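Take a look at the structure set out below.
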Amino acid sequence: MSTDKQIELQKEMGPNWFASVMGTGIIANAAVGLPLIGKSLTGFATIIWLIAFAMLIFMTIFKSYQTITKPQIIKRQFNDPVMSQFFGAPPMAFLTIAGGTLLLGPNLFGQQLALDIAWPLFWIGTISGIITAVVIPYRLFTYNEVHADAAFGGWLMPVVPPMVSATIGSMFLKYMQHGEAQQTLLYGMYACFGLSLIASLIIITLIWNRLAHSGTSGSARVPTLWIILGPLGQSITAAGCLGTAAVFTVSEPIATGMNVMAILYGVPVWGFAMLWFFIATLLTLRALQRKMPFALTWWAFTFPVGTCVTGTTQLSLHTGLTFFQFAAISSFVVLLFAWTTAAVGTIRGVKNGKLLHNPTSVVHIKAKKK
773 MSTDKQIELQ
783 KEMGPNWFAS
793 VMGTGIIANA
803 AVGLPLIGKS
813 LTGFATIIWL
823 IAFAMLIFMT
833 IFKSYQTITK
843 PQIIKRQFND
853 PVMSQFFGAP
863 PMAFLTIAGG
873 TLLLGPNLFG
883 QQLALDIAWP
893 LFWIGTISGI
903 ITAVVIPYRL
913 FTYNEVHADA
923 AFGGWLMPVV
933 PPMVSATIGS
943 MFLKYMQHGE
953 AQQTLLYGMY
963 ACFGLSLIAS
973 LIIITLIWNR
983 LAHSGTSGSA
993 RVPTLWIILG
1003 PLGQSITAAG
1013 CLGTAAVFTV
1023 SEPIATGMNV
1033 MAILYGVPVW
1043 GFAMLWFFIA
1053 TLLTLRALQR
1063 KMPFALTWWA
1073 FTFPVGTCVT
1083 GTTQLSLHTG
1093 LTFFQFAAIS
1103 SFVVLLFAWT
1113 TAAVGTIRGV
1123 KNGKLLHNPT
1133 SVVHIKAKKK
């Protein structure tokens, strides 16, 4: 490889970098909504949200500049069967910051300005997220060459953004005038909910099938198993937020039905999420014992866990149970630990230059049980 090519690769940023914005922003969003202690964490959450917002601005500018000046980089990433899956990260980063702006922005610069900032962020994330949910799977079906054991958590990345949109979109409903536009947004967010949920269930089944037949890779791909918690936790959050919004958006008995869905859907899915949490923990510990290297995939420990925090918080609100209150707080502690681990590893990787080096082609990672 030529020296010029090596320099180019060392300056490369992939879409997976936006996962750090997601993982940081979800801390702020989750903290401010925590039962019992959320209000006391407002200052902490605001600082984290501002940091995440700054990260989003920097990465968006850097990636835009890179795309304009060196389009061959994004073209290579788009054609990469693994890296292309992470084009779902930028939409979710925008949506995460939009949610934080609605929750924390009014404390800094007022409600109206917060809405003016959050609204375009929401639509950027929603439109680009729907595009990735269509284009990336289409490319997977028609262009990318994949092996029988290729299914991994990253396949969820392009289809989860609409579920995040469903959550954030519900937060705008209380600011809208009652009428058809408000109801259309509500039903549109439920459509996004279904779009993401059914696609996610199909992919989760494929991942389970791969694990059962081929095992794990033991590589830095293992943390992506935590991404499965993303659509699970986010769907619980969305069901809760949409149910709450339905009460003042649509008439009875539809409003009650949507609100009750937060519990009837949320609690069973929460049970499976906890099952997967322990399975993923055991598989991760196994990989660490086999000296799994650090990679940006470790950020998969953050946002998915964060969605479980927000989902559990919604269950605590809808059920009123103390159990879910303390479960939300406990999972938030896990989130902080996961974020610290990923952040420290990222800082080290940036310093030694390893994380800014993306291969021109991906070597197939062989899954195995031994």
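Residue 773 is where the sequence shown starts when you use this note's numbering, and the numbers rise one by one after that. Yeah, the Cβ is synthetic: ideal placement off N, Cα and C, and Gly gets one too. None of these values were measured; they are calculated from a predicted model.
Quick check on DSSP: helix, strand or coil for residue i?
i, result
"T988", "strand"
"A809", "The question names Ala, but residue 809 in the sequence shown is Ile. If DSSP states are grouped into helix, strand and coil, I809 belongs with coil."
"E952", "helix"
"G1092", "coil"
"D852", "coil"
"R1062", "coil"
"P787", "helix"
"M929", "coil"
"N916", "coil"
"R982", "helix"
"T1074", "coil"
"D888", "helix"
"K1123", "helix"
"G1083", "helix"
"R911", "helix"
"G882", "coil"
"K946", "helix"
"K842", "coil"
"F834", "helix"
"F825", "helix"
"F816", "helix"
"A865", "helix"
"F894", "helix"
Applying the 10 Å Cβ sphere with the 16-neighbour rule, what's the burial state of residue i?
i, result
"H1090", "buried"
"K951", "Sequence check: residue 951 is Gly here, not Lys. Exposed is the call here."
"R982", "buried"
"T914", "exposed"
"F894", "buried"
"T841", "exposed"
"L880", "exposed"
"A844", "Ala is not the amino acid found at residue 844; the sequence shown has Gln there. By the 10 Å Cβ count, Q844 comes out exposed."
"Y1145", "Nothing about residue 1145 can be read from this structure; the chain reaches only from 773 to 1142."
"N801", "buried"
"E784", "buried"
"K1123", "exposed"
"T1094", "exposed"
"S1023", "exposed"
"N851", "exposed"
"T1056", "buried"
"A953", "exposed"
"S760", "Look at the range of the chain in this structure, 773 to 1142, and you will see that residue 760 is not part of it."
"K777", "Because the pLDDT at K777 is just 43, under 50, the model does not fix this residue reliably, and the value given afterwards should be weighed accordingly. It counts as exposed."
"L1036", "exposed"
"S1103", "buried"
"T939", "buried"
"D888", "exposed"
"Q1061", "exposed"
"L898", "As written in the sequence, residue 898 is Thr, which differs from the Leu given in the question. Buried: at least 16 other Cβ atoms inside 10 Å."
"I748", "What is shown of the chain runs 773 to 1142, which leaves residue 748 out entirely."
"V1077", "buried"
Would residue i and residue j be called neighbours here (beta carbons separated by less than 8 Å)?
i, j, result
"Q857", "G926", "yes"
"S792", "T1118", "yes"
"F924", "L1001", "no"
"Q949", "T1021", "no"
"L867", "P933", "yes"
"I1008", "G1083", "yes"
"G860", "G901", "yes"
"P1003", "M935", "yes"
"A1034", "A1052", "no"
"S968", "A1017", "no"
"A1100", "W1070", "no"
"A865", "F944", "no"
"G1015", "N1031", "yes"
"C1080", "A1045", "yes"
"V994", "A1059", "yes"
"G797", "G872", "yes"
"W742", "L973", "Residue 742 is absent from the structure shown; the chain starts at 773 and stops at 1142."
"M831", "N788", "no"
"A826", "L813", "no"
"W1111", "I799", "yes"
"L885", "W821", "no"
"Q1097", "L808", "yes"
"A971", "V907", "no"
Shorter than 7 Å, the distance from the beta carbon of residue i to the closest heavy atom of the ligand GTP, or not?
i, result
"I1051", "With respect to the ligand GTP, the structure offers nothing, as it holds no ligand at all."
Open item on the list: Restricting to runs no shorter than 4 residues, where is the alpha helix (DSSP H) found entirely within the region 997 to 1057?
Closed with: 1001 to 1018
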